[in-house]
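The next block holds one structure in the form of structure tokens; read it before the comments.
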Amino acid sequence: MKNYVIRRILLMIPVMIGISIIVFSLIHLMPGNPYAYLIESDARAEDVESMLQAIGYYDPLPVQYVKWVGGLMQGNLGYSIKFKEPIADMIGRRIGNTLMLSGVALILSILVAIPLGVISATRQYSIFDYVATIIAFIGLSIPAFFFALLLVKFFAIDLKLFPISGMETLASGFTGMKKFVDLVYHLALPVIVLSFIQMASFMRYTRTALLEVIQQDYIRTARAKGVSERVVVYKHALRNALIPVVTIISLSLGQLISGAVLTETIFVWPGMGTLIFQAVMNRDYPVIMDATMVLAFMILMANLFADIMYALVDPRIRYK
Amino acid sequence: MSEILLEVKDLTTSFQTSEGKLTAVQNVDITIRKGKVLGVVGESGCGKSVTSLSIMRLLPKNQGFIDSGKVLFEGEDLVALDELEMQKVRGNDIAMIFQEPMTALNPVFTIGNQIGESLTIHKGLKGEENRKVCVELLKKVKIPRAEQVIDEYPHQLSGGMRQRVMIAMALSCEPKLLIADEPTTALDVTIQAQVLDLMRNLSKESNMSVMFITHDLGVIAEMADDVSVMYAGRIVEEADAVTLFDEMQHPYTRGLFSSRVMNVKKGETLQCIPGMVPPLNNLPRGCAFAPRCKQCMPICEEKMPELLEVAPNHKVRCWLYDERRENQ
Chain A
1 MKNYVIRRIL LMIPVMIGIS IIVFSLIHLM PGNPYAYLIE SDARAEDVES
51 MLQAIGYYDP LPVQYVKWVG GLMQGNLGYS IKFKEPIADM IGRRIGNTLM
101 LSGVALILSI LVAIPLGVIS ATRQYSIFDY VATIIAFIGL SIPAFFFALL
151 LVKFFAIDLK LFPISGMETL ASGFTGMKKF VDLVYHLALP VIVLSFIQMA
201 SFMRYTRTAL LEVIQQDYIR TARAKGVSER VVVYKHALRN ALIPVVTIIS
251 LSLGQLISGA VLTETIFVWP GMGTLIFQAV MNRDYPVIMD ATMVLAFMIL
301 MANLFADIMY ALVDPRIRYK
Chain B
1001 MSEILLEVKD LTTSFQTSEG KLTAVQNVDI TIRKGKVLGV VGESGCGKSV
1051 TSLSIMRLLP KNQGFIDSGK VLFEGEDLVA LDELEMQKVR GNDIAMIFQE
1101 PMTALNPVFT IGNQIGESLT IHKGLKGEEN RKVCVELLKK VKIPRAEQVI
1151 DEYPHQLSGG MRQRVMIAMA LSCEPKLLIA DEPTTALDVT IQAQVLDLMR
1201 NLSKESNMSV MFITHDLGVI AEMADDVSVM YAGRIVEEAD AVTLFDEMQH
1251 PYTRGLFSSR VMNVKKGETL QCIPGMVPPL NNLPRGCAFA PRCKQCMPIC
1301 EEKMPELLEV APNHKVRCWL YDERRENQ
């Protein structure tokens, strides 16, 4: 098990290098000068030229790449072109918000989807199963941004149950419990958007996996031992059915984090998503590159976590 | 004749399929004596396994149904029990082992966990005590390194070892009847012999009855006290093992016997029964074996013969031995 985890962590190094090269190349393939914004219209051409020279704009690309990666390794993420602020600070303020949003969405979707999937499978072709299936297909086919806008229209504008956007009521001065409740209110709609889609797929996978496992010989063995039907389903069958479900959850972690970019933008949630969105709008290259790297790192960590989970639920992997 | 442990009376089991209702087992009577081994022989699809699953009431839900008949276990009709009462019988009074040891164990639980489960359910054994009994059981089925194997997972064991684990699991609550559904078919020959030896000794030791299902007459000759031969969902011949092997009557039994590899002498070709088992949804009107039978008579294609006693404790379902055929 220890070797397995160490191997997984070592594997992350070449993947990170690959990602950094791709991110760097893509950004530098974009035409135009990101500093164009900063140049006053009446600045002299020689001054502009010498300034660009000084900040390394004319360095060969490999040199720029090494400078950038070298900085990243030392924890120096550089400065935002637009805000002149250390990028590390900008990301530091927002990363927690993104983790909160996608973490809550993930936990909620697992907690809802797996029990629903089990009930759907054990009562295959019942009314419950049909209703759950229909809702799941709606979840799978509705675009996130459209669903988000629908929720805003009904719950925020018409019913006024939840706030339209943001993370807290501005200038409210809430503290303690009140602040927490306020946060939950702001979380509700983006979390519903993010988790609904995941829920639908997790539920369908749980149902399918369980229906398949229930047919297995070892389930008959368990029944032949005199195990009650409840224990057969929740112990013998579910533990096996969870193996493919864990795979699906791990694959969806990346989707969840990148899906958060869009959802955050719609709900003006101050996370990594809005940061990247603004950076792209402002051609703030260093911010785009650094934030993308951080997102990539988060996704890799999520995959590592999934691999560990995978080994925990399946002894056949643990002992390889 | 020793005391009777289990009596299947007039059992008919059918399956609901997309092609309609298929009767897999028809009017089957089976008697298992205390401490004896009943061998049930027949080709694939003849209803052997369905009979055993009917006894255990483990037919696939919403697909297999017991239409009629009784399964009297020590006088109590198992068919009439509700699911909760049946759970107390399964694994406790009647245990079962299956054909495929590779898939019959749950891959995500340790051996100890899976054997210990029946001990917890039926005997209330927990913790250290449970573990101790598990180790003893593993030793009893001659598993080396029992103390380590108990913490291992099924994928770490070979097929023969897994079948031993299955046997240990089945024996854990000292059942009165062990149903073994082709327990050695998936094992190679040397392991087969070891597992058979083990089962025979264990059954003698604890005076446990065994219902041994197989298509291998050689295994039957080695194991069984009584034999029932099944064909297309019906019993076609039954007798004690000695009688059956000395005086087999039914053309099907004789066909099975002469198709064994060891009966072939050098230079001869292997005997076999021509044709296939008829599909259940298209059984012939008369005797189901008639289309493949060398001694088929006109009446065989008209009417199903009855299971008649041709000698004490020897019954055959064949018109050859039924005097009424002249009157029909």
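Heads up: the protein sequence lines correspond to chains A and B, in order. Numbering of the first sequence is given in the numbering used here, commencing with residue 1 and proceeding in unit increments. Numbering of the second sequence is given in the numbering used here, commencing with residue 1001 and proceeding in unit increments. Just so it is clear, CB atoms sit at the ideal spot from N, CA and C, and this is done for glycine as well. Owing to the predicted nature of the structure, the values given are computational and were not obtained by experimental measurement.
Looking only at its chain, what residues have a beta carbon closer than 6 Å to the beta carbon of residue i, apart from the 5 residues adjacent to it on each side?
| i | result |
| --- | --- |
| F155/A | L161 and F162 |
| V1095/B | Reading off the sequence shown, one finds Ala at residue 1095/B, where the question assumed Val. Here the set comprises A1170, P1175 and L1178. |
| F1289/B | Y1231 and Y1252 |
| G1255/B | I1273 |
| A200/A | A136, G139 and L140 |
| M203/A | A113, L116, G117 and A136 |
| V313/A | L242, I243 and V246 |
Nearest by alpha-carbon distance to residue i: which of the options is it?
| i | options | result |
| --- | --- | --- |
| L341/A | A237/A, A54/A and G70/A | The question about residue 341/A has no answer, for chain A in this structure spans 1 to 320. |
| Y1231/B | V1040/B, M1208/B and Q1087/B | V1040/B |
| L1187/B | G1159/B, C1173/B and M1199/B | G1159/B |
| D1216/B | V1008/B, L1005/B, K1048/B and P1101/B | K1048/B |
| E1074/B | D1240/B, T1103/B, I1004/B and N1106/B | I1004/B |
| I1235/B | A1146/B, M1199/B, R1033/B and T1051/B | T1051/B |
| M1166/B | N1201/B, Q1148/B and L1137/B | L1137/B |
| I1143/B | A1168/B, T1120/B, Y1153/B and Q1192/B | A1168/B |
| T122/A | G176/A, E49/A, A209/A and P34/A | A209/A |
| G1286/B | D1082/B, N1130/B, G1275/B and P1305/B | P1305/B |
| P1284/B | G1233/B, L1078/B, D1322/B and N1207/B | G1233/B |
| L242/A | R8/A, G117/A, I9/A and Y79/A | G117/A |
| D1010/B | E1019/B, V1025/B and Q1016/B | V1025/B |
| N1106/B | S252/A, V233/A and T265/A | V233/A |
| R8/A | R316/A, L300/A and V23/A | L300/A |
| F277/A | T265/A, H28/A, L183/A and W269/A | T265/A |
| P1312/B | D1240/B, E1302/B, F1245/B and L1198/B | D1240/B |
| N97/A | L183/A, Q198/A and M177/A | L183/A |
| K1034/B | L1244/B, V1210/B, R1292/B and E1301/B | V1210/B |
| G1112/B | N1092/B, Y1153/B and K1123/B | Y1153/B |
| Q1099/B | I157/A, L149/A, Q216/A and I39/A | Q216/A |
| S109/A | A188/A, G32/A and M51/A | A188/A |
| G103/A | S258/A, Y285/A and E40/A | S258/A |
| D1226/B | Q1016/B, T1023/B and T1031/B | T1031/B |
Check this for me: beta carbons of residue i and residue j, under 8 Å apart or not?
| i | j | result |
| --- | --- | --- |
| I138/A | Y205/A | no |
| C1046/B | V1277/B | yes |
| V1135/B | A1146/B | yes |
| Q1330/B | S1258/B | The shown model of chain B, from 1001 to 1328, leaves out residue 1330/B, and the question about it has no answer. |
| F305/A | P190/A | no |
| I1055/B | V1071/B | yes |
| F1065/B | L1059/B | yes |
| L194/A | L256/A | yes |
| T1184/B | L1202/B | no |
| V287/A | L275/A | yes |
| R1164/B | M1102/B | no |
Helix, strand or coil for residue i, going by three-state DSSP, please let me know.
| i | result |
| --- | --- |
| P86/A | strand |
| T1269/B | coil |
| V1108/B | coil |
| L77/A | coil |
| I21/A | helix |
| H186/A | helix |
| D1197/B | helix |
| Q216/A | coil |
| A1395/B | The displayed coordinates of chain B run from 1001 to 1328. Any statement about residue 1395/B would go beyond what the structure contains. |
| K1132/B | helix |
| E1007/B | strand |
| K178/A | helix |
| N1281/B | helix |
| G96/A | helix |
| R1324/B | helix |
| D1067/B | strand |
Please check the pair residue i and residue j, which I expect to be a contact at CB under 8 Å, by giving their CB distance rounded to whole angstroms.
| i | j | result |
| --- | --- | --- |
| V289/A | W68/A | The question names Val, but residue 289/A is Met in the sequence shown. Confirmed, Cβ separation roughly 7 Å. |
| V213/A | N240/A | 5 Å |
| P34/A | I81/A | 6 Å |
| Q1087/B | G226/A | 5 Å |
With a threshold of 8 Å on Cβ separation, who are the neighbours of residue i within its own chain once the five nearest residues in sequence on each side are excluded?
| i | result |
| --- | --- |
| K179/A | E168 |
| N303/A | S250, L253 and G254 |
| H28/A | L61 and Q64 |
Just checking: is the beta-carbon of residue i within a distance shorter than 8 Å of some beta-carbon in chain D?
| i | result |
| --- | --- |
| A1104/B | This model lacks chain D altogether, as its protein chains are A and B. |
Short of 7 Å in beta carbon distance, which residues of its chain neighbour residue i, apart from the five on each side in sequence? Order them along the chain.
| i | result |
| --- | --- |
| S20/A | V69 and M293 |
| D129/A | S120 and R123 |
| D1029/B | V1008, K1009, D1010 and I1235 |
| I13/A | none |
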